[in-house]
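Protein chains in written order, with my numbering: chain G, 176 to 273; chain E, 10 to 22. Everything on this sheet refers to the single structure shown next.
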Amino acid sequence: ADAPWVVKPEEKMKFDAIFESLGPVGGMLSGDKVKPVLLNSKLPVDILGRVWELSDLDRDGMLDRDEFSVAMFLVYRALEGESVPMSLPPPLVPPSKR
Amino acid sequence: QYPAGGSSTNPFL
Chain G
176 ADAPWVVKPE EKMKFDAIFE SLGPVGGMLS GDKVKPVLLN SKLPVDILGR
226 VWELSDLDRD GMLDRDEFSV AMFLVYRALE GESVPMSLPP PLVPPSKR
Chain E
10 QYPAGGSSTN PFL
């Protein structure tokens with residue numbers, strides 16, 4: 176449970192910058208704002224749907240900055256040819272949400 | 010499979 180988050184600090188900084196550029200409201204990004212960014216990856220919609228399922232940990236239809244980092248992490252890995260897992264591996268769960 | 014029923018919070022569904 177105290178394993179380091181797989182999202183490295185330098186990656187987190189990059190993802191946080193993207194998060195901020197999308198105009199979060201109250202520290203959250205709605206699906207409407209995140210969807211075009213993920214679609215921009217050109218990954219299949221069913222894969223992106225799974226990325227969302229895994230990232231929106233509290234299932235409120237919004238992503239906070241840690242959830243957004245999980246989404247971006249999964250998208251980048253998918254673009255590198257790795258498959259998106261069916262459930263979120265514990266090391267991918269943000270430390271703030273364990 | 011995604012959970013069925015209710016309003017989805019997933020913008021890709």
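In this text, a Cβ means the ideal position worked out from N, Cα and C, and glycines have one as well. On a predicted model such as this, the values are computed, not experimentally measured, just so you know.
Euclidean distance between Cα positions of residue i and residue j
i	j	result
E/Thr18	G/Ser230	12 Å
G/Glu255	G/Val200	31 Å
G/Arg273	G/Pro266	10 Å
G/Asp191	G/Ser205	15 Å
Residue i: contacting residues in chain E (beta-carbon distance under 7 Å)
i	result
G/Val220	Phe21
G/Leu150	For chain G, the structure presents residues 176 to 273; residue 150 of chain G sits outside this window and is missing.
Own chain, CB closer than 8 Å to residue i, minus 5 neighbours either side, in chain order
i	result
G/Leu213	Leu223, Val226, Trp227, Ala246 and Val250
G/Val259	Ile222, Arg225, Val226, Leu229, Leu249, Arg252 and Ala253
G/Ser262	Leu229
Close Cβ partners of residue i (< 6 Å) along its chain, the five nearest in sequence each way excluded
i	result
G/Pro270	Trp180
G/Lys208	Leu197
G/Asp239	Gly202 and Met203
G/Phe194	Arg240 and Phe243
Where the alpha helix (DSSP H) through residue i begins and ends
i	result
G/Lys217	Unbroken run through G/Lys217: none, as it is neither H nor E.
G/Ala178	Segment: none, G/Ala178 is in no alpha helix (DSSP H) and carries neither H nor E.
G/Lys189	Pro184 to Ser196
G/Ser244	Arg240 to Leu254
Cβ neighbour criterion (16 or more within 10 Å) applied to residue i
i	result
G/Val182	buried
E/Gly14	Because the pLDDT at E/Gly14 is just 49, under 50, the model does not fix this residue reliably, and the value given afterwards should be weighed accordingly. E/Gly14 should be labelled exposed.
G/Met237	buried
E/Pro20	buried
E/Leu22	exposed
Residues near residue i by beta carbon distance below 7 Å, same chain, minus five either side
i	result
G/Lys189	none
G/Ser216	Val250 and Leu254
Closer than 8 Å at the beta carbon, the chain E residues around residue i
i	result
G/Lys210	Pro20 and Phe21
Chain E contact residues for residue i, given Cβ-Cβ distances below 9 Å
i	result
G/Gly201	Near G/Gly201 there are no residues of chain E at all, since even the closest Cβ is about 17 Å away, more than 9 Å.
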